[in-house]
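**Student:** The structure that follows is given in the form of structure tokens.
Residue numbers (the numbering used here): 67 to 212.
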């Protein structure tokens, strides 16, 4: 599994996660990959957004995020299209597999994923974040439907 985080002021490194993920592993990922850089990419009053996957909304995760005084966006169910990281995955996938790219080792795939991540234009990430206001407003107008 690949995990990545970005904010208006930049992005955090890509995390390649082994095996089945659960709440303790997710908390470890947050600790090792997000919280070290969160203030740098989101400012002092940053807010965290994730979807409603069970490991992200478990009691253990909620307790952990509360202990770190993290504000988490409430997220409508069944709404992956609202999450700007989904657009980023699409952009990166096109880049990684452009020209019919094929990979014969996990390491070469990981290298190209990292390259695509670090070569994303900062303006693209900012545009995706700025588009959130309209997307959320549209969901409100549609009573929670996307």
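C-beta atoms are modelled at their ideal positions from N, C-alpha and C, and glycine is treated no differently.
Remember, predicted model here, so these are calculated numbers, not experimental data.
From this set, 99, 95, 202 and 191, which residue's C-alpha is nearest residue 140's C-alpha?
**Tutor:** In the chain shown, counting from the first residue as 1, residue 140 sits at position 74. Among 99, 95, 202 and 191, the Cα nearest to that of residue 140 is on 202.
**Student:** Could you tell me whether the segment 80-93 touches the segment 120-135, where touching means 3 or more Cβ pairs closer than 8 Å?
**Tutor:** Cβ pair count under 8 Å is three or more, so yes.
**Student:** Give the list of continuous alpha helix (DSSP H) stretches no shorter than 4 residues that lie fully inside the segment 83-138.
**Tutor:** Here the runs fully enclosed are 89-95, 104-108, 120-123 and 125-133.
**Student:** For residue 166, does the three-state DSSP call read helix, strand or coil?
**Tutor:** In the chain shown, the residue the question calls residue 166 occupies position 100. DSSP places residue 166 in helix when its eight states are reduced to three.
**Student:** Which one or two residues does DSSP pair with residue 172 in a beta bridge?
**Tutor:** The count along the chain shown starts at 1 and reaches residue 172 at position 106. Paired residues: none, contrary to the question.
**Student:** Among 113, 186, 173 and 192, whose alpha-carbon lies nearest the alpha-carbon of residue 159?
**Tutor:** Position 93 of the chain shown, counted from the start, is the residue given in the question as residue 159. It is 186 whose Cα lies nearest to the Cα of residue 159.
**Student:** Using a 10 Å radius around the Cβ and a threshold of 16 neighbouring Cβ atoms, would you call residue 72 buried or exposed?
**Tutor:** For the purposes of this step, residue 72 is taken as residue 6 along the chain shown, with counting starting at 1. Buried: at least 16 other Cβ atoms inside 10 Å.
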